[in-house]
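Enquirer: Input: one structure, supplied below.
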Amino acid sequence: MASCPQNFPFGILDVVELLHLKIRRRQANSIYVDCPICGDKRGKMNVNFSKNVWHCNYCDEGGGMLALYAKVYEISTSDAYREICEALQAGGPAPSYEVKQPVSKEETQEVPQSERAGTQEIHQTLSLLFGMLSLSDAHRKHLRLKRGLTDAQIDELGYKSTPPPCLRRSYTERLLKQGCTVQGVPGFYLNEDGKWTVKFYKRTAGIIIPVHGIDSLIRGAQIRLDVPIKNKDDPPDKEGTKYIWLSSSNKKMGVTSGSPIHFVGNPFSRVVYVTEGYLKADVSHYLIHRSFAATAGANNVSQLGPLFAFLSQNGTEVIVEAEDMDKFRNDKVTRGASQIYLMARQYGMECRRLTWNPNYKGIDDWQLALHRKNLLKEDRQMNFKQQYLSGQCDFAYIDDCVETWHKAPENGTGLVEFLGLTEQEYESWLQDGSGKTLQQLLEAQRRHQHFRIYQLEFTNGMEPKSFAFLGIRALRKAGYLQPPAAEYRLMCNSKMICPKEQTDEEILRRIFNRYNDTLPKEYPGRSIAPSDVVELYDEKKRSYFYRDTDSFVPVRFSPFLALPMPKSTSDEDSKIAESDE
Numbered sequence: 206m207a208s209c210p211q212n213f214p215f216g217i218l219d220v221v222e223l224l225h226l227k228i229r230r231r232q233a234n235s236i237y238v239d240c241p242i243c244g245d246k247r248g249k250m251n252v253n254f255s256k257n258v259w260h261c262n263y264c265d266e267g268g269g270m271l272a273l274y275a276k277v278y279e280i281s282t283s284d285a286y287r288e289i290c291e292a293l294q295a296g297g298p299a300p301s302y303e304v305k306q307p308v309s310k311e312e313t314q315e316v317p318q319s320e321r322a323g324t325q326e327i328h329q330t331l332s333l334l335f336g337m338l339s340l341s342d343a344h345r346k347h348l349r350l351k352r353g354l355t356d357a358q359i360d361e362l363g364y365k366s367t368p369p370p371c372l373r374r375s376y377t378e379r380l381l382k383q384g385c386t387v388q389g390v391p392g393f394y395l396n397e398d399g400k401w402t403v404k405f406y407k408r409t410a411g412i413i414i415p416v417h418g419i420d421s422l423i424r425g426a427q428i429r430l431d432v433p434i435k436n437k438d439d440p441p442d443k444e445g446t447k448y449i450w451l452s453s454s455n456k457k458m459g460v461t462s463g464s465p466i467h468f469v470g471n472p473f474s475r476v477v478y479v480t481e482g483y484l485k486a487d488v489s490h491y492l493i494h495r496s497f498a499a500t501a502g503a504n505n506v507s508q509l510g511p512l513f514a515f516l517s518q519n520g521t522e523v524i525v526e527a528e529d530m531d532k533f534r535n536d537k538v539t540r541g542a543s544q545i546y547l548m549a550r551q552y553g554m555e556c557r558r559l560t561w562n563p564n565y566k567g568i569d570d571w572q573l574a575l576h577r578k579n580l581l582k583e584d585r586q587m588n589f590k591q592q593y594l595s596g597q598c599d600f601a602y603i604d605d606c607v608e609t610w611h612k613a614p615e616n617g618t619g620l621v622e623f624l625g626l627t628e629q630e631y632e633s634w635l636q637d638g639s640g641k642t643l644q645q646l647l648e649a650q651r652r653h654q655h656f657r658i659y660q661l662e663f664t665n666g667m668e669p670k671s672f673a674f675l676g677i678r679a680l681r682k683a684g685y686l687q688p689p690a691a692e693y694r695l696m697c698n699s700k701m702i703c704p705k706e707q708t709d710e711e712i713l714r715r716i717f718n719r720y721n722d723t724l725p726k727e728y729p730g731r732s733i734a735p736s737d738v739v740e741l742y743d744e745k746k747r748s749y750f751y752r753d754t755d756s757f758v759p760v761r762f763s764p765f766l767a768l769p770m771p772k773s774t775s776d777e778d779s780k781i782a783e784s785d786e
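Each position in the sequence shown, counted from 1, maps to that position plus 205 in the numbering used here.
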């Protein structure tokens, strides 16, 4: 049994046994279990048996061992103490839970840990270590093609590939010969032979991401894994853990990473953006040329306090919360974002929320997509007839097209084909010098399509909805047979000209393209994204379509329950400004 608090005849591991919590990972002084509070099954709850405390990194709940038992059964801590004592004295389990076998002394024996080294020592050791390493061609290719970084930016950020495990001892010896401190530096520990080494394993191979403080000193590092780690009980479609710390907290004389805050950019910026993920912050910094602070997770924001205090003294006036878009559907992420607001105001700074096209999860995804977006307009890829039938030009534009054809080099394309006309249409145009006959023929081939756009309403900006910006499966999983119209607001009621034979699918695609990224000035809504509803209507019928992940799905919808269109556009959400720095 682990050490027990004074006057308590049991420890927190006894409570873990009584609650029959599934152990996922074991560390020196703690274990990771599935959380009985939020129900997460990924082993996010840390139970520290040397201090008899617990904390869930997903739902952010935590406390002492009595609080754990009390929260599970929704009773007082005094009742929890009595029930635990009765269950242990009777040698039986608490109600509704099966007792599991006790954890052995060997498994719970404390592993001696080192005190964390000083900031300068950690920076020196990790800087020299990373200087010995290189970046593989495969990793460099990923950072260039998938993340949008240039070779110069990759080198400036200091990204490296993890070395083969067989070389970790030799790297450590070289560091020691250079006078570096390894004890107390995250990642280093004493092996079975009593020799210092660093924690690089084959199964944790990947890209090393240095974590810098606002003073540019390295505080630690994360590893983006080549192969995500999955628990054996994970469902097949689960991605697994993609990022891990370079940490040695479960090793002899090792030390925890401490989950430091990462900063990239100008420490004297008037505006600083805050997001989740170190690689995300680095990429976003280079894409939009702004200063970023990054946490290891959406709930891991407590260490922002000292940084905010420093930024406030440096002249920072505005903090922009740029957490991923799942803040609109995950109340845990929402709570983390709310804490950013509170801390910013605590240190006298304004805090704004940054939102973007919900088709992209993170700010880096969104900005990279904008940078790579094809800038050619649709009308440059369509002939005259296609443009006219789609309402993208007036009839007089035919004269410009004819002039363009005459000036273009000979390529075998005749004028009829270039304009997109049929032989009959072309003949009518030649015979009627005014063009009225051709215009009438074309006018008979197009129609007006009326449409409305409905989007989820987030009162006061942040009321998460579990299916927000997700596909139809998420809507069904949330328990809805049809989109709950009462939670939607009408954002657009408009029309477009289209060819008569154009299908609903083609019209919906046009609407999606029109209201995406570059939005009409008079349109107050967001870019069309999953969970939005589009209505196509005319005098005869109305049809409703739910935006799935990459298409539209017909649904039933009750528009009279939806909120009316906003009277005026609010500038509550922050935009990336040119004068941030």
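Yeah, the Cβ is synthetic: ideal placement off N, Cα and C, and Gly gets one too.
For clarity, every value in this text was computed on a predicted model and none was experimentally measured.
Can the beta-carbon of residue 548 be found closer than 8 Å to that of residue 510?
Expert: To locate residue 548, count along the sequence shown from 1; it is residue 343. To locate residue 510, count along the sequence shown from 1; it is residue 305. Yes.
Enquirer: If you check the beta carbons only, do residue 226 and residue 239 fall under 8 Å apart?
Expert: Position 21 of the sequence shown, counted from the start, is the residue given in the question as residue 226. Position 34 of the sequence shown, counted from the start, is the residue given in the question as residue 239. Contact: yes.
Enquirer: For residue 252 versus residue 236, is the C-beta spacing smaller than 8 Å?
Expert: Here the question's residue 252 lines up with position 47 in the sequence shown. Here the question's residue 236 lines up with position 31 in the sequence shown. Yes, Cβ-Cβ distance for residue 252 and residue 236 is below 8 Å.
Enquirer: Candidates 683, 702, 694: which alpha carbon is nearest residue 654's?
Expert: As a first step, residue 654 must be located in the sequence shown, where it is residue number 449. If we check each option's Cα against that of residue 654, 702 comes out closest.
Enquirer: If you reduce the DSSP assignment to three classes, tell me which class residue 495 lands in.
Expert: As a position in the sequence shown, residue 495 is number 290, starting the count at 1. Coil, per DSSP.
Enquirer: So the candidates are 341, 317, 364; which of them puts its Cα closest to the Cα of residue 332?
Expert: Here residue 332 corresponds to residue number 127 of the sequence shown, with the count starting at 1. That would be 364, whose Cα lies nearest to the Cα of residue 332.
Enquirer: Count the other C-beta atoms from every protein chain shown that fall within 10 angstroms of the C-beta of residue 428, then say buried if there are 16 or more, exposed otherwise.
Expert: Sequence index remark: in the sequence shown, residue 428 carries index 223 (1-based). Result: buried.
Enquirer: If you follow the beta strand (DSSP E) that residue 696 is part of, which residue opens it and which one closes it?
Expert: In the sequence shown, the residue the question calls residue 696 occupies position 491. Here the beta strand (DSSP E) through residue 696 covers 693-704.
Enquirer: Any contact between the segment 535-546 and the segment 488-496? By contact I mean 3 or more CB pairs, one from each, below 8 Å.
Expert: Segments in contact, no.
Enquirer: Just tell me which of 638, 603, 637 has its CA closest to the CA of residue 621.
Expert: Within the sequence shown, numbered from 1, the residue matching residue 621 stands at position 416. Of 638, 603, 637, the residue nearest in Cα terms is 603.
Enquirer: With DSSP run on the structure shown, which of helix, strand or coil describes residue 511?
Expert: If you number the sequence shown from 1, residue 511 lands on position 306. Three-state DSSP puts residue 511 in a helix.
Enquirer: Between which two residues does the alpha helix (DSSP H) harbouring residue 678 extend?
Expert: Reading the sequence shown from its first residue, position 473 is the one you call residue 678. Where residue 678 is concerned, the enclosing alpha helix (DSSP H) stretches over 677-682.
Enquirer: Exposed or buried, what is residue 337 when buried is set at 16 or more other beta-carbons lying within 10 Å of its beta-carbon?
Expert: Reading the sequence shown from its first residue, position 132 is the one you call residue 337. Per the 10 Å Cβ criterion, exposed.
Enquirer: Please confirm whether residue 430 and residue 413 have their CB atoms less than 8 Å apart.
Expert: The count along the sequence shown starts at 1 and reaches residue 430 at position 225. The count along the sequence shown starts at 1 and reaches residue 413 at position 208. Their beta carbons are not under 8 Å apart, which means residue 430 does not touch residue 413 by this criterion.
Enquirer: Note the first and the last residue of the continuous alpha helix (DSSP H) segment covering residue 426.
Expert: Taking the first residue of the sequence shown as 1, we reach residue 426 at position 221. Where residue 426 is concerned, there is no enclosing alpha helix (DSSP H), although the beta strand (DSSP E) it sits in stretches over 423-434.
Enquirer: For residue 407, count neighbouring C-beta atoms within 10 Å of its own C-beta (all shown protein chains included) and say buried if the count is 16 or more, exposed if not.
Expert: Locating residue 407 in the sequence shown gives position 202, counting from the first residue. The residue is exposed, with fewer than 16 neighbouring Cβ atoms inside 10 Å.
Enquirer: Which runs of the beta strand (DSSP E), 3 residues or longer, sit entirely within the segment 518-573?
Expert: If we require 3 residues or more, the beta strand (DSSP E) runs fully inside the segment 518-573 come out as 523-526, 555-558.
Enquirer: Only counting the same chain, and skipping five residues up and downstream in sequence, which positions put a Cβ closer than 7 Å to that of residue 319?
Expert: The residue given as residue 319 occupies position 114 in the sequence shown. 388, 389, 458, 459, 460, listed in sequence order.
Enquirer: What does the alpha-carbon distance come out to for the pair residue 478 and residue 577?
Expert: For the purposes of this step, residue 478 is identified with residue 273 of the sequence shown, where counting begins at 1. For the purposes of this step, residue 577 is identified with residue 372 of the sequence shown, where counting begins at 1. Computed Cα separation, rounded: 22 Å.
Enquirer: Using the Cβ count rule (16 or more neighbours within 10 Å means buried), how would you classify residue 737?
Expert: Numbered from its first residue, the sequence shown carries residue 737 at position 532. Classification for residue 737: buried.
Enquirer: So, under 8 Å CB-CB, residue 563 and residue 732 are touching, yes? Tell me the CB distance rounded to an integer number of Å.
Expert: Position 358 of the sequence shown holds residue 563. Position 527 of the sequence shown holds residue 732. About 7 Å separates the two Cβ atoms, so the contact holds.
Enquirer: From what residue to what residue does the beta strand (DSSP E) around residue 660 run?
Expert: The residue given as residue 660 occupies position 455 in the sequence shown. From DSSP, the beta strand (DSSP E) with residue 660 extends over 651-661.
Enquirer: Give the straight-line distance between the Cα atoms of residue 694 and residue 762, rounded to the nearest whole angstrom.
Expert: Within the sequence shown, numbered from 1, the residue matching residue 694 stands at position 489. Within the sequence shown, numbered from 1, the residue matching residue 762 stands at position 557. Approximately 12 Å between the Cα atoms of the pair.
Enquirer: Report the option in 720, 234, 724, 287 whose CA atom is closest to the CA atom of residue 739.
Expert: Start at 1 with the first residue of the sequence shown, and residue 739 comes out as number 534. Ranking 720, 234, 724, 287 by Cα distance to residue 739 puts 720 first.
Enquirer: Provide the residue span of the alpha helix (DSSP H) that contains residue 606, from first to last.
Expert: Stepping through the sequence shown from its first residue, residue 606 is reached at position 401. From DSSP, the alpha helix (DSSP H) with residue 606 extends over 602-612.
Enquirer: Between the alpha carbons of residue 419 and residue 328, how many angstroms are there, rounded?
Expert: Taking the first residue of the sequence shown as position 1, residue 419 is located at position 214. Taking the first residue of the sequence shown as position 1, residue 328 is located at position 123. If I take the Cα positions, the gap works out to 13 Å.
Enquirer: Identify every run of the beta strand (DSSP E) within the segment 241-290, keeping only runs that are complete inside it and at least 3 residues long; order them along the chain.
Expert: Runs of the beta strand (DSSP E) inside the segment 241-290: 250-253, 258-261, 267-269.
Enquirer: Applying the 10 Å Cβ sphere with the 16-neighbour rule, what's the burial state of residue 343?
Expert: Taking the sequence shown and counting its residues from 1, one reaches residue 343 at position 138. So residue 343 counts as exposed.
Enquirer: Quick check: the Cα distance between residue 258 and residue 350, rounded to an integer number of angstroms?
Expert: By one-based count along the sequence shown, residue 258 stands at place 53. By one-based count along the sequence shown, residue 350 stands at place 145. Spanning the two alpha carbons is a distance of roughly 44 Å.
Enquirer: Express the C-alpha separation of residue 410 and residue 455 in angstroms, rounding to a whole number.
Expert: For this step, residue 455 is matched to residue 250 along the sequence shown. For this step, residue 410 is matched to residue 205 along the sequence shown. Roughly 18 Å between the two C-alpha positions.
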